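Below you'll find the structure, written out as C-alpha cells, and then a few comments.
In my numbering, the protein residues as written are 12 to 354.
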C-alpha cells in the first residue's frame with residue numbers, strides 16, 4: 012500500500028481509539044531502518060507510524076550540510092516509493108521539534124505540504140510534532156494554535172507536548188521530578204486553546220511520569236491512570252457524556268514500561284506510542300555480534316587482507332534489519348495492533 016492518505020490516517024487513529032490499541036511510532040534515521048520498520052509492520056499485519064526527529068533528519072541530511080529539511084524530505088520521498096511494496100498503511104511523522112528548531116524544520120516542512128496540497132496532491136508528511144514542553148504553557152499553546160491552523164490547511168495532524176517528559180532526547184532534556192505529570196487544568200487550557208477537533212485534529216503528548224531513555228521496569232513511576240482523569244476533567248468541562256475520551260493521547264518515554272502500564276494507557280485513550288531506544292539497540296546488537304565473531308575478517312589484522320564477505324555492509328546490514336523488524340513486531344504485540352491493518 013502507499014503512504015497513508017489523510018483520510019486513511021484519520022481512520023487508523025479512529026480505529027485504534029475505538030478498539031483500544033495503539034500504533035508503534037518507530038524513529039528511523041536511514042533507508043535501512045525505514046525498511047526494518049516497514050518490514051516489522053508488514054510481518055505483524057499492522058499499520059503503523061514512521062517518524063523522523065530533528066537529530067535523525069540532520070543525520071539524514073548528510074554530515075557535510077546537516078540540513079534537516081533536506082534529510083526529512085529525502086527520506087519521506089523515498090518512503091512514498093518503497094512503502095508501496097508493503098501490504099500495510101504507514102503514516103509519516105516528524106518527532107520532537109523544540110521552539111529554536113521550528114523555523115529550520117517543522118515550518119519549512121509544512122510549507123512543502125502546503126504546496127503539494129495546493130497542487131491537488133496529498134501532504135508529504137501526515138503529522139508533525141511541536142514540542143513546547145520547555146516553554147510556559149501559555150507560550151506553548153500560542154505557538155500550537157498557529158501550527159494547528161497551518162496543519163489543518165495542509166491536511167496534516169499536529170502533535171503537541173504540553174508538559175515535560177523526563178530524560179533527554181535530541182538535546183532537549185528535563186529533570187525527573189514531580190513536574191512530569193500533566194494536570195486537569197493543563198488539559199482544560201489545552202482544549203480551550205486548540206479546541207476538541209473543531210480547529211483541526213491534534214494528538215496530545217501528556218505527561219504521566221514518562222522518561223526518555225533506558226530504564227528497567229519499576230525505575231520510573233508511571234501513572235497511566237492519570238490519562239483517564241484528564242479525559243474526565245475535560246469531558247465534564249465541555250458537557251461530554253460519561254466515559255468520553257476527548258483526547259488522542261501519545262505515550263512518550265515508554266522504554267521499560269510494564270505490560271500492565273501499557274494496557275492501562277491503551278484503555279485510557281493512547282493511540283500512538285513512540286519507540287526509539289529499544290529499536291536502536293535491536294538494530295545495533297547483531298552488528299556488534301557479527302564484528303566480534305568475525306574480527307579477523309572485518310579488519311585487515313596484521314597485514315592480512317580480511318574477508319570481503321564479512322565486512323560488506325550488506326552482510327551485517329541484513330542482520331540489523333531483521334533484528335529491528337522483530338522488535339517492531341514485538342511492539343505491535345504489546346500495543347495490540349497486530350492483525351489490525353486496514354485491508
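Each residue gets a CB set at the ideal place from its N, CA and C atoms; glycine is no exception. Please read all numbers here as calculations on a predicted model, not as lab measurements.
Taking C-beta atoms as the reference points, residue 48 and residue 63 fail to come closer than 8 Å. Residue 76 and residue 350 have their alpha carbons spaced roughly 41 Å apart. The Cβ-Cβ distance between residue 57 and residue 343 falls below 8 Å. Among the bridge pairs identified by DSSP, residue 141 is matched with 171. For residue 107, there is no enclosing beta strand (DSSP E), as DSSP gives it neither H nor E. Closest by C-alpha distance to residue 288, out of 18, 14, 67 and 53, is 67. The beta carbon of residue 234 sits closer than 8 Å to the beta carbons of 192, 219 and 220 from its chain, once the five residues preceding and following it are set aside; these are given in chain order. In the assembly as shown, residue 201 is a buried residue. Its beta-carbon has 16 or more other beta-carbons within 10 Å. In the DSSP assignment, residue 239 falls within the alpha helix (DSSP H) that extends over 237-248. Taken in chain order, the complete alpha helix (DSSP H) segments of 4 or more residues contained in the region 71-134 are 79-93 and 117-129. Going by DSSP, residue 13 is part of no beta strand (DSSP E) at all; its letter is neither H nor E.
Looking at 243, 108, 103 and 262, the one whose alpha-carbon comes closest to that of residue 85 is 103.
For residue 163, same chain residues with a beta-carbon under 6 Å away, outside a window of 5 residues either side, are 211 in chain order. Bounds of the alpha helix (DSSP H) holding residue 306 are 306-309. For the 8 Å CB-CB criterion, residue 139 and residue 159 do not form a contact.
Beta-bridge annotation (DSSP): residue 213 is paired with 169.
Residue state for residue 256 is assigned as coil, using DSSP reduced to three classes. Nearest to residue 332 by alpha-carbon distance, out of 291, 215 and 347, is 291.
If the five residues before and after residue 88 are omitted, its C-beta is found closer than 8 Å to the C-beta atoms of 135, all from its own chain and listed in chain order. Under the three-state reduction of DSSP output, residue 199 falls in the helix class. As the crow flies, the alpha-carbon of residue 205 is around 24 Å from that of residue 129. In the structure shown, the three-state DSSP call for residue 251 is coil. Between residue 133 and residue 324, the alpha-carbon positions lie close to 35 Å from each other. Straight-line measurement puts the Cα of residue 22 at about 21 Å from the Cα of residue 131. With a contact defined as Cβ atoms closer than 8 Å, residue 283 and residue 34 qualify at about 5 Å. DSSP places residue 31 outside both helix and strand once states are collapsed to three, so it counts as coil. Around the beta carbon of residue 30, a 10 Å sphere encloses fewer than 16 other beta carbons of the protein chains shown; the residue is thus reported as exposed.
Annotation note: the region 267-291 contains the following uninterrupted beta strand (DSSP E) runs of length 3 or greater, listed N- to C-terminal: 281-286.
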